[in-house]
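Here the structure is laid out as structure tokens; the discussion comes afterwards.
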Amino acid sequence: MGIPVSIVSLVLVYGFVGVFVNAVAPGDKERWLIRHKRGVDYFDPDDPYFGHPFDVVAAIRSGLDALQRELGVMWASYVQMSEPGGHKKRILREIYESEFNESTVRNLKIRLTFLHGSTTYLLARQEVNLSREWDQIPHIVRRASLGPYGRDDSYTTTEYRYEPGGLLAARYRKLDRQHKGLLARKEFFNESVKLALDGLVVPTIEWAKETLGRVGSKNTLGEVVKLHADEDSVRLAIPECAKALLPIAESLRRSAQPPVVDETAQKMDDDLARELEDLDAEFALKSVQASARIGLAVKALAPGAASEPLTEDTDAGITAAPSSYVRFGTIDSSTPAIAPFLNRAGWFISGDSTTRAELISQVLLRTILQVPTEALKIRSFDPMFSGVLGLLAPLGGVSATTYAEPQHDSDALRQLLGEVTSEVSAVSTVLGGRGMSSVIELWEADGSPSWPLTLLVVLSYPSGIDVGLQDTLVRLAQSGPSRGMMLVVDHDTEITPPRGVDPADLMRHMVTFKATEHGWQCSRLPDQILAAYDEALPWPARQALVQLVVRRAGPQGPKLVRLQELVAGLTANPWSDQSVDAVEAIIGTHADGRATAATLALRSENPPQSNLLLGGAVGQGKSNLLLAMIYALALRYSPDELEMLLIDFKHGLEFQRLGPDENGRNWLPHASVVCLESDKVLGLEILKHVRDELTARADLFLRARVNSFTSYRKSTGQTLPRLLLVIDEFQVLFDGNDDVTAEAVSLVEKLARQGRAYGIHLILSSQTLSGISALAVKAESIFAQFATRLSFKNTAEESQTILGRGNAAASDLTRPGEVVINRDYGRPSANETVLTGLVEPDFADEVQRQLWALDVRRREPVVFLGQNFAPWPIQHDGFVADTAYLGRPLSVGGGLAGFDFRSDTSQAVGVIGTGQAEATAVLVAMIATLTAKWSPGDAVVVLDGRSPQSRGDAVLAECLQQARARDLTVNVRTDADITDYLVSIVGSPPPQCATLVVALHLQRIDSLSDTKPFDPENPYGEMVSGAGALRELVGRGSISGTHVIGWWPNVAAMQEALGYDSAGMRRFVLARAAQEDVRQVAGLSAPKSVASPRVMVVDPDRDDGTGSGVTTVIPFDPWDPHRA
810 MGIPVSIVSL VLVYGFVGVF VNAVAPGDKE RWLIRHKRGV DYFDPDDPYF
860 GHPFDVVAAI RSGLDALQRE LGVMWASYVQ MSEPGGHKKR ILREIYESEF
910 NESTVRNLKI RLTFLHGSTT YLLARQEVNL SREWDQIPHI VRRASLGPYG
960 RDDSYTTTEY RYEPGGLLAA RYRKLDRQHK GLLARKEFFN ESVKLALDGL
1010 VVPTIEWAKE TLGRVGSKNT LGEVVKLHAD EDSVRLAIPE CAKALLPIAE
1060 SLRRSAQPPV VDETAQKMDD DLARELEDLD AEFALKSVQA SARIGLAVKA
1110 LAPGAASEPL TEDTDAGITA APSSYVRFGT IDSSTPAIAP FLNRAGWFIS
1160 GDSTTRAELI SQVLLRTILQ VPTEALKIRS FDPMFSGVLG LLAPLGGVSA
1210 TTYAEPQHDS DALRQLLGEV TSEVSAVSTV LGGRGMSSVI ELWEADGSPS
1260 WPLTLLVVLS YPSGIDVGLQ DTLVRLAQSG PSRGMMLVVD HDTEITPPRG
1310 VDPADLMRHM VTFKATEHGW QCSRLPDQIL AAYDEALPWP ARQALVQLVV
1360 RRAGPQGPKL VRLQELVAGL TANPWSDQSV DAVEAIIGTH ADGRATAATL
1410 ALRSENPPQS NLLLGGAVGQ GKSNLLLAMI YALALRYSPD ELEMLLIDFK
1460 HGLEFQRLGP DENGRNWLPH ASVVCLESDK VLGLEILKHV RDELTARADL
1510 FLRARVNSFT SYRKSTGQTL PRLLLVIDEF QVLFDGNDDV TAEAVSLVEK
1560 LARQGRAYGI HLILSSQTLS GISALAVKAE SIFAQFATRL SFKNTAEESQ
1610 TILGRGNAAA SDLTRPGEVV INRDYGRPSA NETVLTGLVE PDFADEVQRQ
1660 LWALDVRRRE PVVFLGQNFA PWPIQHDGFV ADTAYLGRPL SVGGGLAGFD
1710 FRSDTSQAVG VIGTGQAEAT AVLVAMIATL TAKWSPGDAV VVLDGRSPQS
1760 RGDAVLAECL QQARARDLTV NVRTDADITD YLVSIVGSPP PQCATLVVAL
1810 HLQRIDSLSD TKPFDPENPY GEMVSGAGAL RELVGRGSIS GTHVIGWWPN
1860 VAAMQEALGY DSAGMRRFVL ARAAQEDVRQ VAGLSAPKSV ASPRVMVVDP
1910 DRDDGTGSGV TTVIPFDPWD PHRA
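Heads up: the sequence shown begins at 810 in my numbering, then just goes up one per residue.
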């Protein structure tokens, strides 16, 4: 009849057939003494399942798993059940051949119940007949006057001697053995059927052996099936038999005759020996047949690499659909042990770490040998950095979607599970729409892998798992396999699960494996059946198999082209186009095999495509695409045609290359701002700058009587560059619900809606748009202005967020650098798939050198490099005399921040705060720039009131040494010398040279407030103090050419040295000052103190129009080699 294709249950293959072949030894053959020599033979000698144990039961229990119906035939044959009317073979054939569904399972249960009742009826009738025959024995016994025959209940021929009447004793013995056999069969049958109807596994071999071992007669069943009785008789007969059995047996035991018993026992022993001899040959034949059937079933379920022993020569063959079963060990040393996996179930693996890792490695190798790399995703969580999956790293070079580096922390796993859950949801929608139940079914219908399979490997479970993650894993284990998501859990039993995390919740939805001393204990096998471990695969063989898969994968579609090749013509002839109508950039090639280049355009009209939205997961190519656009545009249009403001809120290094190099040269001429800064305030300042430019252009167009950028250029012939604002990770700007965020959202909306008419364009890039609360109201209004949308590989949910509702095309991308472009507001039919050009660093550097050399303006961009100090200007020619510069303002306008020192009152500057690095940077910058144009002989006096441990500032010492090198007089005073110096200048004539006094923490000098006679020879004359002299210098020193810069940790310390009015001090630098000090110095409406390395400059002489005179400044880098 052959092996049916639907034989798909590994568990019962090994749990019953495997045990039958291997566990039933010749010494157990008494269980086969069911076949009878007399009466009706209910075996079909041609039945291939004759003699095989157990299993109408399993057929009913697993109707959806067709192998159990084969075992059902075997069990029925073994027990020799017979349906009245002689329909056994027909029923068994139906069980064997029919496809199982709810209807057939229900019908079979009904028929099994009927069969149970019929057989119970026959067994009860046999008891009635036996009891009738036994009823005659006592009368015969009494007539024979038989005596006792033994000392216990055994019936051996060596331990007992019987009295006359042995013929009756032999007859009793025969009946007794028949009755025991009947009871044993009845018990066996009832228990098996009960288990079957309850949907449980059939009894184990050991239980069967124990039960059937009590069977002594080979004729009982043949006699049973000949008997008939109605139901009422059965109910009456059973208790009567039970009541009569014990007294009859006791009576007969006293009336046995040893010689007859011996003769009968010997005859039965001889019969048993002959029967066993016949069974030997029959048993061997059936074992070979069953073993052959198992081998055929395994090959049908798990062909090729799914079940063959792994070697470096294992075939990496691809079939229409991979095997749903995968090998995990061996049964009987040669038969592969297989379990459901792909598209069927996840695996939960426990045991020692080495054995677990070996099984995980082998199942992954067997998977990649069967599944095309473009249709497979392997994701992992490795909190203990075990590196188990490092073997598969070469697959990442084939496709980043096939293999991604493991995640190591809970937050990363949470994000990963979110992506996987979104993919499961997306495939559920696809399967439901096509009326299919699994991804493999989808593959078979399409004839190709139309949706990728995902393997999620969780190592060292439950490390790093919390309740939320556990719940997600349980849902994926339960619902993921049919949707193409298989979970492999590496269970480390030495790790205690956190509260609320129960591994059993996960295990009940997975195939479990437990490593024991002798092999794998699998939840699909009976507990007593172990699968032997496969031999560990040598590392070179593993590497060879992975490389085989890499070679088999070959080129994954069109290769990623270099941008250098795409823009070769522009490199040879740069700045050859105008931006009157639009700006257009070559960014890659079409992924559908067309040889044409793919371009992106930004235009104000015909049709309007003024802004661009870009999304994609980490590492898929967003930054490379932004650079490709920037360089392609820069090569095509001159800085007079296109100006760029470039912001990267994620502190990336990609945009940093667009600024000056280490020699202050070779920046991208088109870039006016290069910002690698996560400061939302700075982002807002840049948006304000662009808004101001929009307002200025509106006034310009109004005067020219035009209403658009294109019409202005064409009608006036004037040069006006288009303005391109690029913001990478723009969602940072909208994080939170504060006033800065609200204003930023409002400005982005204004620029997106109105910018196109004035030649202003936005490119916004982000990993995700989900969860940006500030966009909850404005999102639709803003993104309605973004006709062009691009998305690299992403989840189905994020793809729809970026491209548009119902457009999940980005989730189907398989190669890095591959991007979906939609120029029609996300309409799915407008999708294009493009491979972006790779921007190589050497090419980028060469382009910048070439374009910088062409630019005659030499307009250096404003550069903000994250949380760094500001770079010094390359040239110092712009420093104005008598001005102390300290850094660059945190604004787009550029320029330098500083203080003018005029010959007037209240010119001193006070540095307030505990920011050591910021204060030192400010002091060094002000000393260096204020004295840069001084003449030899001019003086710098440092009054250092700090403790000896706080002195020795290397950068300040170097600054003073440079002043000495310019022939300036440098005088450093400490402790009591400070007071002596201050007192000495009281009443002295003004110095004939410019002097800078730098006062550091003078509140620590106790003698500062001590008074001394102005005239040492007149102790009763005018008294003076160091504090008084300092106040005089602060208030009026600049009139005589002596300027003062002081540093105090807080306002109270400054007032201690200068008095409550601070001697008229009105210009300050706040370096990490307390908010109370900020308000006292800058007013109650002053902003909060800024983070390092930023300072707040308070200068009423440089009021920006707000009345506060407060500016945020980035101090110059004190270690910059270009320092003044």
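Ideal Cβ placement from N, Cα and C applies to all residues, glycine included.
None of these values were measured; they are calculated from a predicted model.
| Item | Value |
| --- | --- |
| Per DSSP, residue 1452 forms a beta bridge with which residues? | 1532 |
| Are the region 1513-1525 and the region 1586-1594 in contact at 8 Å, needing three or more beta carbon pairs? | no |
| Going by beta carbon distance, what residues of the same chain come within less than 7 Å of residue 1491, once the five residues before and after it are set aside? | 1484, 1673, 1699 |
| Can you list, in chain order, the residues of its chain whose CB lies under 8 Å from that of residue 1544, leaving out five sequence neighbours each side? | 1489, 1550, 1581, 1583 |
| Taking the alpha helix (DSSP H) that residue 1239 falls in, what are its first and last residues? | 1219-1243 |
| What span of residues does the beta strand (DSSP E) with residue 1484 cover, start to end? | 1480-1485 |
| Measure from the C-beta of residue 1306 to each C-beta in chain C and report whether the shortest distance is under 8 Å. | Note that chain C does not occur in the displayed structure, where there is just one protein chain. |
| How should residue 1897 be labelled, buried or exposed, when 16 other C-beta atoms within 10 angstroms of its C-beta is the threshold for buried? | exposed |
| Three-state secondary structure (DSSP) at residue 772? | Residue 772 is absent from the structure shown; the chain starts at 810 and stops at 1933. |
| If distances are taken between C-alpha atoms only, which option among 1346, 1320, 1499 comes closest to residue 1334? | 1320 |
| Under 8 Å Cβ to Cβ from residue 1929, same chain only, skipping five residues before and after it: list those, please. | 1678, 1680, 1681 |
| What do you get for residue 1294, buried or exposed, if any count of 16 or more other CB atoms within 10 angstroms of its CB means buried? | buried |
| If you draw a straight line from the C-alpha of residue 1472 to the C-alpha of residue 1781, how long is it? | 34 Å |
| Would you tell me roughly how many angstroms separate the C-alpha atoms of residue 762 and residue 1420, rounded to the nearest one? | Missing from the structure shown is residue 762; the chain here goes from 810 to 1933 and no further. |
| Is the separation between the beta-carbon of residue 1238 and that of residue 1188 shorter than 8 Å? | no |
| For the alpha helix (DSSP H) that contains residue 1193, what are its first and last residues? | Per DSSP, residue 1193 belongs to no alpha helix (DSSP H) and is neither H nor E. |
| Alpha carbon to alpha carbon, how far is residue 1425 from residue 1880? Give it in angstroms, no decimals. | 40 Å |
| Do the region 1152-1159 and the region 1350-1359 touch if we need at least three Cβ pairs shorter than 8 Å? | no |
| Given residue 1696, which residues of its chain have a CB within under 6 Å of its CB, disregarding the five upstream and five downstream residues? | 1679, 1706, 1922, 1923, 1924, 1925 |
| From the DSSP output, in three-state form, read off residue 1874 for me. | coil |
| Please classify residue 1441 as buried or exposed, where buried requires at least 16 neighbouring CB atoms within 10 angstroms. | buried |
| Can you tell me which residues form a DSSP beta bridge with residue 1216? | 1190 |
| Candidates 1267, 1282, 1284: which alpha carbon is nearest residue 1297's? | 1267 |
| Thinking C-alpha only, which one of 1779, 1236, 1862, 1275 is nearest residue 1258? | 1236 |
| Relative to the C-alpha of residue 1702, which candidate in 1134, 1497, 1380, 1634 has its C-alpha closest? | 1497 |
| Quickly, what does DSSP pair residue 1329 with across the bridge? List them, please. | 1324, 1340 |
| Going by Cα to Cα distance, which pick from 1477, 1856, 1305, 1164 is closest to residue 1730? | 1856 |
| Does the beta-carbon of residue 1511 have 16 or more other beta-carbons within 10 angstroms, so that it is buried, or is it exposed? | exposed |
| If distances are taken between C-alpha atoms only, which option among 1850, 1170, 1502, 1595 comes closest to residue 1350? | 1170 |
| Excluding sequence positions up to five away, which residues of its chain have a Cβ less than 6 Å from the Cβ of residue 1932? | 1681 |
| Below 6 Å CB to CB, which residues in the same chain sit around residue 1384 once its five sequence neighbours on both sides are set aside? | 1447 |
| Between residue 1386 and the rest of its own chain, which residues show a CB-CB distance below 7 Å, the 5 nearest in sequence each way excluded? | 1445, 1446 |
| If you draw a straight line from the alpha carbon of residue 1814 to that of residue 1792, how long is it in whole angstroms? | 14 Å |
| Counting only the same chain and skipping the five closest in sequence on each side, list residues whose C-beta sits under 7 Å from that of residue 1479. | 1443, 1448, 1451, 1452, 1453 |
| Answer yes or no: do residue 1844 and residue 1872 have a C-beta to C-beta separation smaller than 8 Å? | yes |
| Which residues in the same chain have their Cβ closer than 8 Å to the Cβ of residue 1328, if we skip the five residues on either side of it in sequence? | 1138, 1339, 1340, 1341, 1342 |
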